[in-house]
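Structure, as structure tokens:
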Amino acid sequence: ELREQAPRSSVYDAPSLGLSTRLRRNRKSEWARRLVRENAVTTDDLIWPLFVVEGDNARTPIASMPGVERLTIDQVVRDAERAVALGIPCIALFPYTDPALRDETGSEAWNGNNLVCQSVRAIKKEFPDLGVLCDVALDPYTSHGHDGLLQGGRILNDETVAVLVRQALVQAEAGCDVIAPSDMMDGRVGAIREALDDAGFGDVQIMAYAAKYASAFYGPFRDAIGSAKALNGDKRTYQMDPANSDEAIREVELDLAEGADMVMVKPGMPYLDIIRRVKDTFAVPTFAYQVSGEYAMIMGAINNGWLDRDRVIMESLVAFKRAGADGVLTYFAPEAAERIRAGR
Ligand code: PBG
137 ELREQAPRSS VYDAPSLGLS TRLRRNRKSE WARRLVRENA VTTDDLIWPL
187 FVVEGDNART PIASMPGVER LTIDQVVRDA ERAVALGIPC IALFPYTDPA
237 LRDETGSEAW NGNNLVCQSV RAIKKEFPDL GVLCDVALDP YTSHGHDGLL
287 QGGRILNDET VAVLVRQALV QAEAGCDVIA PSDMMDGRVG AIREALDDAG
337 FGDVQIMAYA AKYASAFYGP FRDAIGSAKA LNGDKRTYQM DPANSDEAIR
387 EVELDLAEGA DMVMVKPGMP YLDIIRRVKD TFAVPTFAYQ VSGEYAMIMG
437 AINNGWLDRD RVIMESLVAF KRAGADGVLT YFAPEAAERI RAGR
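In our numbering, the protein residues as written are 137 to 480.
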């Protein structure tokens with residue numbers, strides 16, 4: 137009844153395929169793999185986003201972003217010091233604004249003594265050679281959580297651009313190196329460029345959040361800056377539809393024409409195809425933002441033992457380089473820099 141069994145060894149006796157090309161030869165050992173490796177993440181590619189909050193000597197964990205904290209200004213200066221020690225070229229600052237300071241128009245955004253401006257001054261005083269990027273948008277400052285001025289249920293474009301210009305100017309005055317408009321209003325890059333130049337900030341760069349999608353992956357960030365509960369509605373009348381790709385090319389083209397020095401695609405991992413198209417089309421400095429939800433997703437799986445921390449973080453980052461990105465904004469920046477330094 138039993139089927140006759142072939143001798144066990146026959147499985148290993150298959151004839152050679154006679155292949156002249158065998159791609160596995162270049163993978164045979166670590167040195168050989170290193171030799172043919174096409175892309176690498178270096179510390180020079182990293183921008184580290186940090187959250188800043190009012191107070192003294194406090195670091196408050198953000199529940200939906202394990203390992204990320206809201207930092208008081210003295211502590212943000214300590215993380216700036218860590219960035220310098222690790223060789224990270226640039227940090228990005230995001231404020232958690234006291235709810236009492238939030239209002240309908242987000243007027244705290246153009247208060248030259250707001251949390252972001254104070255942080256920039258404190259960081260620049262100690263570490264003048266560290267790049268500091270500031271986000272331009274009203275959402276950390278508005279009572280309704282939107283990036284622009286809201287009237288009758290609509291986000292006003294040109295009126296918003298006028299106040300974003302004021303926000304960019306106070307940040308530049310504080311010593312910010314890179315202005316990064318994340319609001320997705322039409323025409324804001326050109327208006328900010330002109331205002332910066334007129335005010336004598338011709339050297340301040342603009343990194344445009346050029347192709348920014350209306351994404352569910354921003355959820356943890358909105359917790360971090362305290363705008364999640366406030367937000368009424370969604371941002372789909374100004375952020376892009378995740379289904380679109382040609383439109384990203386038009387957004388980037390306009391931002392470049394208006395004077396953007398660098399462009400960004402956001403979120404990151406689900407939009408690698410957009411990074412590749414942008415880089416191939418324009419050949420300009422192109423950045424990816426591995427956003428809060430991507431960080432949360434990876435950390436959640438790591439903390440559950442479902443993904444291997446020692447492999448998944450760097451794999452997620454090299455994917456951006458492979459897609460054509462010149463650099464990445466990532467909450468993993470310090471850990472990545474440590475791994476790069478240690479060769480792991
Ligand atoms: C603000 C802004 C957002 C992020 C960066 N700048 C959130 C949003 O547009 O709602 C998201 C960053 C992240 O999720 O890590 N306009």
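Just so you know, even glycine gets a beta-carbon here, dropped at the ideal spot from N, CA and C.
Write down every uninterrupted run of the beta strand (DSSP E) in the region 258-312 whose length is 3 residues or greater and which is fully enclosed by it, in chain order. Annotation note: the region 258-312 contains the following uninterrupted beta strand (DSSP E) runs of length 3 or greater, listed N- to C-terminal: 267-272, 285-287, 290-292.
- Query: What distance in whole Å lies between the Cβ atoms of residue 275 and residue 282, which are believed to be in contact at a cut-off of 8 angstroms?
  - Reply: 6 angstroms
At least three beta-carbon pairs within less than 8 angstroms, the region 371-378 to the region 202-220: no
Suppose the cutoff is 6 angstroms on Cβ atoms and the five residues either side in sequence are ignored; what does the same chain contact list for residue 206 look like? Taken in chain order, the residues that qualify are 187, 189, 196, 232.
Is there at least one non-hydrogen atom of the ligand PBG closer than 7 angstroms to the beta-carbon of residue 273? yes
Neighbour-count burial assignment, residue 261, 16 or more Cβ in a 10 Å radius:
By the 16-neighbour rule on beta-carbons within 10 angstroms, residue 261 is exposed.
Margin query: Looking at residue 422: is its Cβ nearer than 8 angstroms to the Cβ of residue 461?
Written below: yes
Helix, strand or coil for residue 204, going by three-state DSSP, please let me know. coil
- Task: From the DSSP output, in three-state form, read off residue 148 for me.
- Result: helix
Who are the near neighbours of residue 163 in its chain, counting only those whose CB is closer than 8 angstroms to its CB and skipping five residues on each side?
169
| Counted within 10 angstroms of its Cβ, other Cβ atoms place residue 345 as buried (16 or more) or exposed | buried
**Request:** Pull up the DSSP beta-bridge partners for residue 463, would you.
**Result:** 423
Once you ignore the five residues that flank residue 213 on each side, which residues in its own chain have a CB closer than 7 angstroms to its CB?
258, 259, 262
Check: Can you give the Cα-Cα distance for residue 290 and residue 369, rounded to whole angstroms?
Finding: 11 angstroms
**Asked** Is residue 473 helix, strand or coil by DSSP?
**Response** helix
I need the straight-line Cα distance from residue 246 to residue 299, nearest angstrom please. 8 angstroms
Burial state of residue 215, where buried means 16 or more other Cβ atoms lie within 10 Å: buried
**Request:** With hydrogens ignored, establish whether the beta-carbon of residue 427 is closer than 7 angstroms to any heavy atom of the ligand PBG.
**Result:** yes
Under 8 angstroms between the Cβ atoms of residue 279 and residue 234? No; because the gap between Cβ atoms is not below 8 angstroms, this pair is not in contact.
| Based on the DSSP secondary-structure assignment, which residues constitute the bridge partners of residue 344? | 399
Does the separation of the CB atoms of residue 452 and residue 476 fall below 8 angstroms? No, they are not a contact pair.
| Closest Cα partner of residue 414 within the set 429, 428, 390 | Measuring C-alpha to C-alpha distances from residue 414 to each of 429, 428, 390 identifies 390 as the nearest.
Excluding the five sequence neighbours on either side, which residues of its own chain have a C-beta within less than 8 angstroms of the C-beta of residue 331, listed in chain order?
301, 304, 305
Q. When the Cα of residue 172 is compared with those of 160, 227, 339, which residue comes out closest?
A. 160
Practice item. My understanding is that residue 446 touches residue 480, with C-beta atoms under 8 angstroms, so please give their C-beta distance in whole angstroms. Key: 7 angstroms
Quick check on this structure: which residue in 208, 265, 399, 199 has the alpha carbon closest to the alpha carbon of residue 225?
The residue with the shortest Cα to Cα distance from residue 225 is 265.
ask   = Over what stretch of residues does the alpha helix (DSSP H) that includes residue 177 continue unbroken?
value = Per DSSP, residue 177 belongs to no alpha helix (DSSP H) and is neither H nor E.
- Task: Tell me the start and end of each unbroken alpha helix (DSSP H) in the region 347-408 that is at least 4 residues and wholly inside, in chain order.
- Result: You should have 355-360, 382-393.
Assigned exposure category for residue 249 - 16 Cβ within 10 Å defines buried = exposed
Alpha carbon to alpha carbon, what distance is there between residue 165 and residue 147? 26 angstroms
> Helix or strand or just coil, what does DSSP make of residue 239?
Replying inline: strand
Helix, strand or coil for residue 196? Go by DSSP, reduced to three states. strand
Could you tell me the distance, in whole angstroms, from the CA atom of residue 211 to the CA atom of residue 329?
When the Cα atoms are used, residue 211 and residue 329 turn out to be separated by approximately 31 angstroms.
Applying the 10 Å Cβ sphere with the 16-neighbour rule, what's the burial state of residue 151? exposed
By alpha-carbon positions, which one of 458, 441, 431 ends up nearest to residue 184? 431
What residues are listed by DSSP as bridge partners for residue 316?
271
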